[in-house]
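Those letters in the sequence shown? Residues 1 to 264, by full-length UniProt numbering.
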Amino acid sequence: MKKRIYRKVQHISALGATSFWWYDGAAWRLGAEEVVEKDLIEVLSNQADTKPSSTLLDQVIRIIGAKNWVTEKQLKEPPLNLINLRNGILDIETGELLPHDPQLWFTSVIDVQYDPNAKCPNFTRFLSEVLPPEAHLTIQELFGYVLYRGNHARRAFLFIGSGGNGKSLLLDILTRWIGEENVSNKSLQDLEFNRFSVARLLGKHLNVSADLPQTPLNKSEVFRALTGGDFLEAERKHRDSFSFQPYCKLVFQRTNFPQSRRMR
């Protein structure tokens, strides 16, 4: 039992905050407290007839985490030329498919099997039905950019058009391709005004929302940080806060252009 939990837990120090992570064989996941608590409750409840207290669980978890302490200097983002896929890590510079490695601190994995010979005739036909030829490359670039763990383009994306024009289906394809576990659906209002929403973007490649406000927002700090590649402070209920650099791409859809104070 102890050895099994040791293999799961890493205690990471980041900008003064502490948080627990566990490795699932392909990526590191935040929230190892819940994973360890489940195992501890099961084992300790079997040994005693009562459920262990939250204080005892917290003490045991921190002792276990201390066995695998990782400093901030050791915690490094994997090289941007590496894409973490279900069947390995793809080096887009060499085309080589590498084995998964817990020493590479991936916090997400794209749930597809890499196949260099794969074709997509149905998707190509769909693009031809809903978009002019000159827009096809832009859409393909968006799909590729979502894979990238960076925000060097410093852009958000807005799909505008009346109903039934294919934009919802296109975003559904994008969501399924990147994997639902790598996608969040937070509105811009929620990200700006709900202090717990930012934490949901950790490890996400994409945030899709159709809920842009009708009136201009009075606050845009999170939006600017997300499109600018800045660090954000995130909070989780009843857990320590932590700082991270999100690479989530923001994609919105509307039937018309939203209002902006800068456009006035």
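Glycine is no exception: its CB is placed at the ideal position from the N, C-alpha and C atoms.
7 Å Cβ shell around residue i - same chain, five flanking residues per side excluded
i	result
Ser162	Thr255
Leu57	Glu37 and Leu40
Gly179	Ile110 and Asp111
Ala17	The pLDDT assigned to Ala17 is 46, lower than 50, so where the model puts this residue is not dependable, and the model offers no usable value.
Nonlocal neighbours in the same chain, by C-beta distance under 6 Å from residue i, ignoring five residues either side
i	result
Val130	Gly166
Asn156	Residue identity differs from the one stated: residue 156 is Ala in this sequence, not Asn. Hits under 6 Å: Thr227 and Leu250.
Gly150	Leu80 and Tyr247
Leu206	Val146, Ile178, Val183 and Lys249
Leu171	Val208
Ser45	Lys51
Ala210	Gln253
Tyr158	In the sequence on display, residue 158 carries Leu and not Tyr. The residues are Phe252.
Gly229	Asn151
Phe231	Ser243 and Gln245
Integer Cβ distance of residue i from residue j, believed to fall under 8 Å
i	j	result
Tyr114	Leu147	In fact, because the Cβ distance is near 11 Å, the residues do not count as touching under 8 Å.
Leu82	Leu97	The Cβ separation is near 11 Å, so there is no contact.
Lys88	Pro99	According to the sequence provided, residue 88 is Gly. The question's Lys does not apply to it. About 6 Å separates the two Cβ atoms, so the contact holds.
Phe123	Ile173	7 Å
8 Å CB neighbourhood of residue i in its chain, flanking five on each side removed
i	result
Lys237	Phe196
Glu221	Glu192
Ser53	none
Thr175	Val183, Leu206 and Val208
CB contact flag (residue i, residue j, <7 Å)
i	j	result
Leu202	Phe244	yes
residue 266	Ile61	In the structure displayed, the chain extends from 1 to 264; residue 266 sits before or after that span and is not available.
Ala27	Thr94	no
Leu212	Phe257	no
Pro133	Tyr23	no
Ala199	Ala225	no
His136	Leu127	yes
- Mind listing, in chain order, the continuous alpha helix (DSSP H) runs of no fewer than 4 residues lying wholly within the UniProt domain "SF3 helicase" (134-264)? Counting only runs of 4 or more residues that sit fully inside the UniProt domain "SF3 helicase" (134-264), the alpha helix (DSSP H) segments are 167-178, 188-193 and 221-228, in chain order.
- Message: Contact between the stretch 182-193 and the stretch 117-128 is defined here as three or more beta-carbon pairs at a separation below 8 Å; is this criterion met?
- Response: Short answer: they don't touch.
- Give, in chain order, every unbroken run of the alpha helix (DSSP H) that is at least 4 residues long and sits entirely within the stretch 43-126. Listed in chain order, the complete alpha helix (DSSP H) runs (minimum 4 residues) inside the stretch 43-126 are 54-66.
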